[in-house]
Amino acid sequence: MLNFNDFLYNQEAINEGVYDKNIFKAFFLAGGPGSGKSWVSARTLMGQGMKVINSDDGFENYAKKVGLELKMTNMSAFQTKQKNFLRTRAKRGTMSMHQHAIDGRLGMIMDSTARDTARIEAEAQSMRYLGYDTYMVFVNTTLEVALKRNELRP
Numbered sequence: 199m200l201n202f203n204d205f206l207y208n209q210e211a212i213n214e215g216v217y218d219k220n221i222f223k224a225f226f227l228a229g230g231p232g233s234g235k236s237w238v239s240a241r242t243l244m245g246q247g248m249k250v251i252n253s254d255d256g257f258e259n260y261a262k263k264v265g266l267e268l269k270m271t272n273m274s275a276f277q278t279k280q281k282n283f284l285r286t287r288a289k290r291g292t293m294s295m296h297q298h299a300i301d302g303r304l305g306m307i308m309d310s311t312a313r314d315t316a317r318i319e320a321e322a323q324s325m326r327y328l329g330y331d332t333y334m335v336f337v338n339t340t341l342e343v344a345l346k347r348n349e350l351r352p
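Start counting the sequence shown at 199; every next residue gets the next number (my numbering).
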């Protein structure tokens, strides 16, 4: 018999759920701003019972609460400092949400820019150790389309 900690970290003891085909699935979406990552995940993976992990959501909510413009052009030093603080706070919230999803063995969609590929690979490796199937999806578009999408954002 295994105790909880042995079960939690025993790769052979953790198997995919019989009645939940998307448990232990992790999709990493990567691409530049305006490439269409959120659109791709909404059109292909939503409705599958997976948790979407995206620090932009938290950042945008915090920015709206304090009245910070999301366009972020011609920012004062104070606004830049405020933006950096809110971004850090949103990332902490995202890390917490990610850990809760792992603890609950939920399927996940991680929406990011893939700026730090070594961190993503380490994260994917640790998730594979826990029994997750991991997938990397690169979303790209032309520079013109990405710039237009970014301009149209609120």
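Built from N, CA and C at the ideal position, the CB exists for glycine as well. All of these numbers come straight from a predicted model, not from anything done at the bench.
task: Pull up the distance between the alpha-carbon of ALA344 and that of TYR327, whole angstroms please.
output: For this step, residue 344 is matched to residue 146 along the sequence shown. For this step, residue 327 is matched to residue 129 along the sequence shown. Straight-line Cα distance between these residues: approximately 35 Å.
task: Would you mind sorting HIS298 into buried or exposed? The rule is 16 or more other CB atoms within 10 Å of its CB.
output: As a first step, residue 298 is located in the sequence shown; it is residue number 100 there, counting from the start. So HIS298 ends up on the exposed side.
message: Out of SER294, THR278, THR271 and ASN338, which one is the CA nearest neighbour of VAL250?
response: Position 52 of the sequence shown, counted from the start, is the residue given in the question as residue 250. Considering only alpha carbons, the answer is SER294.
query: Is TYR333 near ALA288, with beta carbons less than 7 Å apart?
result: Here the question's residue 333 lines up with position 135 in the sequence shown. Here the question's residue 288 lines up with position 90 in the sequence shown. No; because the gap between Cβ atoms is not below 7 Å, this pair is not in contact.
field: Through-space distance from ASP309 to SER236, alpha-carbon basis
entry: If you number the sequence shown from 1, residue 236 lands on position 38. If you number the sequence shown from 1, residue 309 lands on position 111. If I take the Cα positions, the gap works out to 7 Å.
- prompt: In angstroms, rounded to a whole number, what distance separates the CA positions of ILE307 and ASN282?
  reply: Walking along the sequence shown from the start, residue 307 turns up at place 109. Walking along the sequence shown from the start, residue 282 turns up at place 84. If I take the Cα positions, the gap works out to 24 Å.
- prompt: Cα separation between MET273 and VAL335?
  reply: Reading the sequence shown from its first residue, position 75 is the one you call residue 273. Reading the sequence shown from its first residue, position 137 is the one you call residue 335. Rounded to the nearest angstrom, the two C-alpha atoms are 33 Å apart.
- prompt: From ILE221 to PHE276, what does the alpha carbon distance come to, in whole angstroms?
  reply: As a working mapping, residue 221 is identified with position 23 in the sequence shown. As a working mapping, residue 276 is identified with position 78 in the sequence shown. So the two alpha carbons sit approximately 43 Å from each other.
- prompt: Under a three-way DSSP split, which group does ASP314 fall into?
  reply: Your numbering for residue 314 matches position 116 in the sequence shown. ASP314 falls in the coil class under three-state DSSP.
message: What does the alpha-carbon distance come out to for the pair ARG313 and SER233?
response: As a working mapping, residue 313 is identified with position 115 in the sequence shown. As a working mapping, residue 233 is identified with position 35 in the sequence shown. Taking the straight line from one Cα to the other gives about 14 Å.
field: Length of the line joining the Cα atoms of THR242 and ARG303
entry: For the purposes of this step, residue 242 is taken as residue 44 along the sequence shown, with counting starting at 1. For the purposes of this step, residue 303 is taken as residue 105 along the sequence shown, with counting starting at 1. Between THR242 and ARG303, the C-alpha separation is close to 21 Å.
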